[in-house]
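Following this line, the structure appears as C-alpha coordinates:
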(Lines of atoms letter the chains of each structure in order from A and count residues from 1; the text may use other names and numbers.)
(Lines give C-alpha, C1' and ligand atoms only; values in the text may rest on other atoms or scores of the structure.)
Protein backbone atom coordinates (compact mmCIF):
# COMPACT_ATOMS: atom_id res chain seq x y z
CA UNK A 1 0.00 0.00 0.00
CA UNK A 2 1.30 3.44 -0.86
CA UNK A 3 1.18 6.37 1.52
CA UNK A 4 0.17 9.62 -0.13
CA UNK A 5 -0.36 13.10 1.24
CA UNK A 6 -3.15 15.00 -0.49
CA UNK A 7 -2.33 18.32 -2.15
CA UNK A 8 -4.81 21.18 -2.19
CA UNK A 9 -5.19 21.20 -5.98
CA UNK A 10 -6.40 17.57 -5.98
CA UNK A 11 -8.93 18.35 -3.25
CA UNK A 12 -10.19 21.48 -5.02
CA UNK A 13 -10.47 19.72 -8.41
CA UNK A 14 -12.45 16.93 -6.75
CA UNK A 15 -14.82 19.33 -4.98
CA UNK A 16 -15.27 21.81 -7.84
CA UNK A 17 -14.98 19.53 -10.87
CA UNK A 18 -13.86 22.31 -13.21
CA UNK A 19 -11.23 20.07 -14.80
CA UNK A 20 -12.87 16.79 -15.82
CA UNK A 21 -9.65 14.82 -16.31
CA UNK A 22 -8.24 15.89 -12.96
CA UNK A 23 -11.53 15.23 -11.18
CA UNK A 24 -11.59 11.69 -12.63
CA UNK A 25 -8.00 11.12 -11.50
CA UNK A 26 -8.85 12.36 -8.00
CA UNK A 27 -11.89 10.07 -7.91
CA UNK A 28 -9.69 7.14 -8.94
CA UNK A 29 -7.17 7.87 -6.19
CA UNK A 30 -10.01 8.15 -3.66
CA UNK A 31 -11.49 4.82 -4.81
CA UNK A 32 -8.07 3.26 -4.27
CA UNK A 33 -7.97 4.82 -0.83
CA UNK A 34 -11.42 3.54 0.04
CA UNK A 35 -10.51 0.03 -1.14
CA UNK A 36 -7.29 0.01 0.91
CA UNK A 37 -4.86 0.10 -2.03
CA UNK A 38 -3.52 3.47 -0.98
CA UNK A 39 -3.43 5.39 2.27
CA UNK A 40 -4.36 9.04 1.77
CA UNK A 41 -3.35 11.59 4.39
CA UNK A 42 -5.12 14.95 4.69
CA UNK A 43 -3.29 17.66 6.63
CA UNK A 44 -4.94 20.74 8.20
CA UNK A 45 -2.84 23.10 6.05
CA UNK A 46 -4.42 21.59 2.93
CA UNK A 47 -7.92 22.11 4.30
CA UNK A 48 -7.01 25.69 5.23
CA UNK A 49 -5.69 26.44 1.75
CA UNK A 50 -8.63 24.63 0.15
CA UNK A 51 -11.18 26.68 2.06
CA UNK A 52 -9.33 29.87 1.10
CA UNK A 53 -9.20 28.94 -2.60
CA UNK A 54 -12.86 27.90 -2.68
CA UNK A 55 -13.94 31.14 -1.03
CA UNK A 56 -11.62 33.63 -2.73
CA UNK A 57 -11.10 32.23 -6.23
CA UNK A 58 -14.24 30.15 -6.79
CA UNK A 59 -16.51 32.52 -4.80
CA UNK A 60 -18.16 29.63 -2.95
CA UNK A 61 -20.30 30.49 0.04
CA UNK A 62 -18.99 29.52 3.46
CA UNK A 63 -21.98 27.24 3.99
CA UNK A 64 -21.13 25.32 0.80
CA UNK A 65 -17.48 25.06 1.78
CA UNK A 66 -18.26 23.89 5.31
CA UNK A 67 -20.78 21.31 4.09
CA UNK A 68 -18.36 19.91 1.51
CA UNK A 69 -15.50 19.62 3.98
CA UNK A 70 -17.66 18.08 6.70
CA UNK A 71 -18.67 15.32 4.31
CA UNK A 72 -15.19 14.83 2.85
CA UNK A 73 -13.31 14.83 6.16
CA UNK A 74 -15.79 12.38 7.69
CA UNK A 75 -14.68 9.61 5.35
CA UNK A 76 -13.14 7.00 7.66
CA UNK A 77 -10.84 5.63 4.97
CA UNK A 78 -8.98 8.95 4.90
CA UNK A 79 -6.22 9.50 7.42
CA UNK A 80 -7.07 13.03 8.55
CA UNK A 81 -4.62 14.77 10.87
CA UNK A 82 -6.52 16.66 13.58
CA UNK A 83 -9.81 15.17 12.31
CA UNK A 84 -11.83 16.12 15.40
CA UNK A 85 -10.62 19.71 15.24
CA UNK A 86 -11.25 19.94 11.50
CA UNK A 87 -14.77 18.59 11.92
CA UNK A 88 -15.51 20.97 14.82
CA UNK A 89 -14.31 24.26 13.36
CA UNK A 90 -17.03 24.81 10.77
CA UNK A 91 -19.51 26.33 13.25
CA UNK A 92 -17.31 29.41 13.65
CA UNK A 93 -16.25 29.43 10.01
CA UNK A 94 -19.92 29.60 8.98
CA UNK A 95 -20.37 32.53 11.36
CA UNK A 96 -17.63 34.48 9.59
CA UNK A 97 -14.40 33.71 11.43
CA UNK A 98 -11.33 32.98 9.36
CA UNK A 99 -10.34 29.34 8.99
CA UNK A 100 -7.29 29.64 11.27
CA UNK A 101 -9.25 31.36 14.04
CA UNK A 102 -11.95 28.70 13.75
CA UNK A 103 -9.31 25.96 13.89
CA UNK A 104 -7.71 27.47 17.00
CA UNK A 105 -11.07 27.77 18.77
CA UNK A 106 -12.06 24.22 17.90
CA UNK A 107 -8.70 22.85 19.03
CA UNK A 108 -8.81 24.81 22.29
CA UNK A 109 -12.32 23.63 23.09
CA UNK A 110 -11.55 20.00 22.31
CA UNK A 111 -8.51 20.19 24.58
CA UNK A 112 -10.10 22.21 27.41
CA UNK A 113 -7.88 25.17 26.62
CA UNK A 114 -8.19 28.66 25.29
CA UNK A 115 -6.67 30.76 22.54
CA UNK A 116 -4.08 33.37 23.52
CA UNK A 117 -4.90 36.29 21.28
CA UNK A 118 -5.27 40.04 20.95
CA UNK A 119 -8.11 39.55 18.44
CA UNK A 120 -11.17 41.15 20.05
CA UNK A 121 -13.64 38.77 18.43
CA UNK A 122 -11.70 35.73 19.61
CA UNK A 123 -11.38 37.21 23.10
CA UNK A 124 -15.17 37.52 23.33
CA UNK A 125 -15.64 33.90 22.24
CA UNK A 126 -12.88 32.73 24.61
CA UNK A 127 -14.42 34.59 27.54
CA UNK A 128 -17.87 33.24 26.73
CA UNK A 129 -16.44 29.72 26.63
CA UNK A 130 -14.68 30.11 29.98
CA UNK A 131 -17.94 31.02 31.74
CA UNK A 132 -19.61 27.79 30.62
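Residue numbers (this note's numbering): 96 to 227. Idealized CB from N, CA, C, for every residue including glycine.
In the displayed model, residue 103 falls within a helix according to three-state DSSP. According to the DSSP secondary-structure assignment, residue 212 is paired through a beta bridge with no residue. Residue environment for residue 112: exposed (fewer than 16 other C-beta atoms within 10 angstroms of its C-beta). Annotation: the stretch 123–178 contains the following complete segments of the alpha helix (DSSP H) (minimum length 4 residues), in chain order: 139–151, 157–168. Looking at 144, 198, 96, 179, the one whose alpha-carbon comes closest to that of residue 105 is 144. The three-state secondary structure of residue 98, taken from DSSP, is strand. Contact between residue 99 and residue 133 is confirmed by a C-beta separation of about 6 angstroms, below the 8 angstroms threshold. Between residue 199 and residue 118, the alpha-carbon positions lie close to 31 angstroms from each other. Counting C-beta pairs closer than 8 angstroms gives fewer than three between the stretch 211–218 and the stretch 161–169, which falls short of the contact rule.
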